[in-house]
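Here is the structure we will look at, set down as structure tokens.
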Amino acid sequence: MSEEIGAGRPVQIDTLLARIRQRPPGHIVGLAIFLVTLVAAFSILLPSRFPTIATVQSIMFQMPELGLLALAMAIPLISGGLNLAIIATANQCALLMAWIMTHYIAADAGSGAIAIGTAAALAAGLVYSTLIGVVTGTLVATLGVHPILVTLGTMSVIEGGSIYLSRGNIISGFPDAFQWIGNGTIFFFPVPFLLLMLVAGGVGLVLSRTSFGISVYMIGSNIEATRYSGVDTHQVIVGVYTLSSVLCFIAATLMMARFNSASAEYAQSYLLITILSAVLGGIDAFGGFGRIAGLMIALVVLQVISSGLNLLGVNQHLIVAIWGFTLIAVMAVRFFLAPLIAGKMRRQ
Amino acid sequence: MRDFLARFTGRTEIYLAAVVLVIGALLSVLSPYFLTISNLIDLVETYSVTAILAMGLFVVLVSGGIDISFAATASVAQYAAAFAGTSLGWPAFVCIPLGLGVGCLLGCINAVLIHFFRISSIIITIATMSVYFGLLMFVSGGKSIYTLPDWLTTRVVFYESQMANGDVIRITLPILVMIIAVSLTFVLMTRLSAGRQIYAMGGNPEAARRLGVNIAAMQVLAYGYLGLMAGVAGLLQAHRVGEAVPNALVGHELNVLAAAVLGGASLAGGIGTVPGVILGIILLAMLQNGLNLLGVSSYFFQMVIGLAILVSTSITGLSSRPGRRRARPGEATGAARV
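In structure tokens form, the structure reads like this:
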């Protein structure tokens with residue numbers, strides 16, 4: 000990538016930004032073709048059960064949880080890092096909010112008291128997640144150690160703290176209005192899906208249209224060069240992990256509303272799946288490249304595979320294995336197509 | 000003697016050894032039971048499986064990669080050997096090599112994918128972990144095998160002795176296997192040309208390649224060795240608990256990684272020693288055992304591990320800044336690194 004940019008001709012900043020926004024070319028298109036093929040295949044195999052409103056709606060209900068957590072993973076990945084503490088952060092925020100809701104909203108409270116209690120819980124969750132993010136970001140930025148290690152440490156501390164404080168118990172019983180976030184629909188669209196689209200749209204805009212977002216991509220490509228070009232990399236990294244934590248808070252809110260409970264041990268199996276979906280969506284594991292749109296398509300691909308195979312009666316564990324196969328296959332295809340695409344770009 | 004000392008000054012192992020000694024002294028003052036031979040031997044046996052896995056992972060870390068799939072590999076190897084031993088009724092001399100071979104093979108598959116597709120090792124091993132573990136749970140139906148053959152579950156005691164205070168100490172099979180695994184890894188990484196080539200590859204893959212190191216072969220060796228160790232650990236785990244549980248080891252990947260990293264193995268590759276990793280495991284084992292003996296809630300233990308990781312990485316990070324040692328890993332060759 001660096002050879003192309005420094006190939007002896009002056010590069011306008013617009014061209015540079017366009018290149019950042021475009022890469023990796025073809026991946027999103029390829030993934031979209033794969034998605035269409037999958038949908039077509041399942042529709043042929045299950046003509047009466049797959050292409051139905053109910054399937055679409057169930058996909059829309061199931062996707063957002065993983066989707067929000069994958070967004071929380073994607074931003075650090077683009078910055079060249081990783082946040083292993085996302086699930087732990089989400090669960091701890093959920094426990095905090097659940098504790099506030101169950102302790103400060105009386106069983107016979109009026110709607111005003113419920114609204115105030117819920118708002119207080121959400122505010123506390125937001126503040127707490129921001130705090131975790133700032134601490135994590137500061138550690139990553141100042142220590143100069145690989146974020147895998149830092150967030151492995153913070154993950155253990157946060158998760159251990161949650162288990163210690165909750166004694167492994169589940170906290171449940173939230174107001175009906177709150178549960179609407181997880182289970183309601185507006186017209187045809189499930190609320191969780193609308194929430195995901197809103198958040199993903201926002202994150203996508205921040206990454207592609209703000210100076211903070213461009214700095215995130217640049218840090219992912221080459222942090223030293225970014226620092227020498229006058230970007231306060233320390234501040235951007237703190238921002239990256241804070242944004243990641245706040246997304247965990249949103250995921251936590253959604254999980255609480257959907258399950259009507261909070262626990263230190265929910266969604267543990269999602270941790271590595273979030274990385275898998277981000278990479279499937281074309282986000283470079285070394286950082287610097289990838290778009291939120293690609294991640295969203297990858298999430299739909301995974302969910303379509305899961306729903307379709309479920310309808311075919313395939314075992315849930317086999318579905319996870321097939322997700323793994325899908326990632327390897329997509330990487331292999333990309334590996335074989337990469338020289339072709341690179342050649343085409345150079346000719347342009 | 001001075002040369003001997005000079006080799007160790009300023010290295011992670013020295014700080015770690017000091018920390019281990021201080022904590023050990025503290026615990027032996029606080030709990031009279033801590034520094035008894037029977038407690039220490041129990042501790043060694045409890046951590047034998049972790050230590051064997053950490054040895055394998057250490058080799059991969061030195062080579063400049065990372066592997067998340069080894070716990071799944073260990074489970075598959077364990078299940079394959081247990082299934083062959085019970086349902087098929089095959090004898091021990093077939094089942095044990097079968098388990099080890101399966102582990103080794105799965106490790107080699109990782110290496111081949113990482114090397115030939117030039118994909119980051121963390122991504123590939125997350126994918127293969129999903130594949131290995133998903134297929135294992137599918138094939139086994141998530142059911143444990145409880146009726147293991149006698150050759151697998153019979154306790155093997157090599158040395159037994161009764162102490163003056165009535166405690167019985169036993170040197171059992173897991174301890175012996177662990178010692179063999181540690182020695183083997185030590186010899187491989189310090190005395191054999193292949194081990195030195197793995198260090199060279201982890202330090203700078205492009206330089207190693209130009210020096211004539213066969214990168215593909217070294218990748219296969221590193222990941223295959225981890226696979227083999229995972230197979231050993233899987234069989235030993237079944238031997239210790241007397242049953243083959245498909246998901247018993249999965250979920251402990253990050254603990255093993257923590258032990259290796261505490262011991263000074265760098266995720267950037269090329270750095271780390273066997274004694275360091277052993278010290279890392281001793282530290283974790285001592286903390287857990289000590290907190291137990293002191294009656295501290297076991298819920299608290301995970302937080303302590305996390306703090307230990309943060310503190311130790313902070314110390315090494317602030318003192319040496321290994322992240323700035325060279326350009327972004329993997330840029331020169333696109334080789335698989337984290």
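Protein sequences appear in the order of chains S and F.
Taking numbering that gives the first Met the number 0, the leading residue of the first sequence gets 0, the next gets one more, and so forth.
Taking numbering that gives the first Met the number 0, the leading residue of the second sequence gets 0, the next gets one more, and so forth.
C-beta atoms are modelled at their ideal positions from N, C-alpha and C, and glycine is treated no differently.
Between the C-alpha atoms of F132/F and S260/S there is a straight-line separation of about 28 Å.
In the structure shown, P63/S falls within a helical segment according to DSSP collapsed to helix, strand and coil.
Just so you know, the alpha carbons of G172/S and T101/S end up roughly 7 Å apart. Residue burial is scored here from C-beta neighbours: M177/F has at least 16 other C-beta atoms within 10 angstroms and is therefore classed as buried.
Think of a sphere of 8 Å around the beta carbon of V130/F: the chain S residues whose beta carbon falls inside it are A320, G323, F324 and I327, in chain order. Counting along the chain, R169/F sits inside the beta strand (DSSP E) bounded by residues V167 to T171. The C-beta distance from P191/S to I104/S rounds to 22 Å, too long to fall under 8 Å, and the pair is not in contact. Apart from sequence neighbours up to five positions away, the residues of its chain that approach V133/S with a beta-carbon distance below 7 Å are V237 and T241, ordered along the chain. The beta carbon of E158/S falls within 8 Å of a beta carbon belonging to chain F, placing the residue at that interface. The C-beta distance from A76/F to L235/F rounds to 11 Å, too long to meet the 8 Å contact threshold. Contact annotation for V278/S against chain F: I122 [CB-CB distance below 7 Å, chain order].
In this structure, E242/F lies away from S139/F, with their beta-carbon atoms at least 8 Å apart.
The segment 97–108 of chain F makes no contact with the segment 143–162 of chain F: fewer than 3 CB pairs, one atom from each, lie closer than 8 Å.
By the neighbour-count criterion, in which 16 or more other beta carbons inside 10 Å mark a residue as buried, P75/S falls on the buried side.
For E159/F, the enclosing beta strand (DSSP E) has its first and last residue at V156 to Q161. Residue burial annotation: Q234/S is exposed, with fewer than 16 other C-beta atoms found within 10 angstroms of its C-beta. Under the three-state reduction of DSSP output, A261/S falls in the strand class.
Non-local C-beta neighbours of V205/S in its own chain, meaning closer than 7 Å and more than five positions away in sequence, comprise F211 and G212, ordered along the chain. Along the segment 138–150 of chain S, the positions whose C-beta sits under 9 Å from a C-beta of chain F are L138, T141, L142, G143, V144, H145, I147, L148 and V149, read in chain order. Residues of chain S with a Cβ closer than 8 Å to the Cβ of Y298/F are, in chain order, G159, I162, Y163, R166 and G167.
Residue contact with chain F for A297/S: absent (no Cβ-Cβ distance below 8 Å to any residue of chain F). Residues of the segment 20–52 of chain S with a C-beta less than 8 Å from any C-beta of chain F: none at all. In summary, no residue of the segment 64–93 of chain S has a CB separated from any CB of chain F by less than 7 Å.
Setting aside the 5 residues that flank it on each side, A237/F is surrounded in the same chain by Q77, A81, L147, L151 and A243, each with a C-beta closer than 7 Å to its C-beta; the list follows chain order.
By alpha-carbon distance to G269/F, the top candidate from V181/F, R195/F and I314/F is R195/F. Distance from I99/S to A263/S at the Cβ level is roughly 16 Å; contact not present, criterion being Cβ atoms closer than 8 Å.
For the segment 97–132 of chain S, not one full-length beta strand (DSSP E) segment reaches 3 residues or more. By the neighbour-count criterion, in which a residue is buried when 16 or more other Cβ atoms sit within 10 angstroms of its Cβ, L34/F is exposed.
For P204/F, the enclosing alpha helix (DSSP H) begins and ends at P204 to R209.
A straight line joining the alpha-carbon of F185/F with that of Y14/F spans about 21 Å.
Within a 10 Å sphere around the beta-carbon of T49/F sit 16 or more other beta-carbons, which makes this residue buried. The C-beta of R154/F comes no closer than 8 Å to any C-beta of chain S.
For chain F, the residues of the segment 301–317 of chain S that bring a beta carbon within less than 8 Å of one of its beta carbons are N314, H316 and L317, in chain order.
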